[in-house]
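First comes the structure, then the notes that go with it.
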Amino acid sequence: MDYSGILTELALGPSRFAALLAGLDTMTAAWRPQPASWSALEVVCHLRDEEREDFPARLGHVLARRPGPWPPIDPEGWAVARHYQQDDLPGALADFTAARQAALRWLAGLAAPDWSLSYEAPWGLLSAADLLGSWLAHDNLHLRQLIRWQRARLELLTAGCGLQYAGAWE
């Protein structure tokens, strides 16, 4: 595993999300393509909370060899309970960025972490390396989600227009 490369990619995450979301007003950021899907605003709030309460916390749990279960998380429930749709996109993005920077400082400060340490999750054994890789994969999943959100927004804006000249979407 290329740990340095993963850390570099994690560091690029906030700027990638910021670029995808640049210029969105509050109403647009809160738009949902479907009633059950997430808005761009909800995605950013989710990223912020995952950065604060999931990946660094759970990776730290494994690397410190803490006994017992992981701290609980509820990403779907947080979206409702924490009123993601009423949040502020620039503020949520800034909070995500600050949390990511703090996590990267923590990771850089680890003295020879043992990436082979593992945790027995309900769905199987996960190593610290698995968690680190999954952290970056989580970014990629939400980058893809936001690109699909942008495509749905484009289709709304161009209703009745053909988009095939741009090339095949999927």
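Under the numbering used here, the residues of the sequence shown are numbered 15 to 184, in order. Backbone N, C-alpha and C define an ideal beta-carbon position, used for all residues, glycine too. Keep in mind it's a predicted model, so treat the numbers as computed, not measured.
Query, Result
"Contact under 9 Å by Cβ, residue 170 with residue 49", "no"
"Neighbourhood of residue 25 by C-beta, 7 Å cutoff - its chain only, sequence neighbours within 5 removed", "118"
"Closest residue to residue 158 among 17, 30, 15 and 182 (Cα-Cα distance)", "30"
"Minimum C-alpha distance to residue 27 - residue among 183, 114 and 87", "114"
"Neighbour-count burial assignment, residue 175, 16 or more Cβ in a 10 Å radius", "exposed"
"C-beta contact flag for residue 70 and residue 116 at 9 Å", "yes"
"For residue 109, the nearest candidate out of 142, 58, 120 and 83 (CA to CA)", "58"
"Residue 139 beta carbon less than 9 Å from that of residue 1", "In the structure as shown, the chain starts at 15 and stops at 184, and residue 1 therefore has no counterpart that could be examined."
"Closest by C-alpha distance to residue 112, when choosing among 63, 142 and 77", "63"
"With 16 other Cβ atoms within 10 Å as the buried cut-off, status of residue 53", "buried"
"Beta-carbon spacing of residue 146, residue 20 below 9 Å", "yes"
"Enclosing beta strand (DSSP E) for residue 132 [first to last residue]", "132 to 135"
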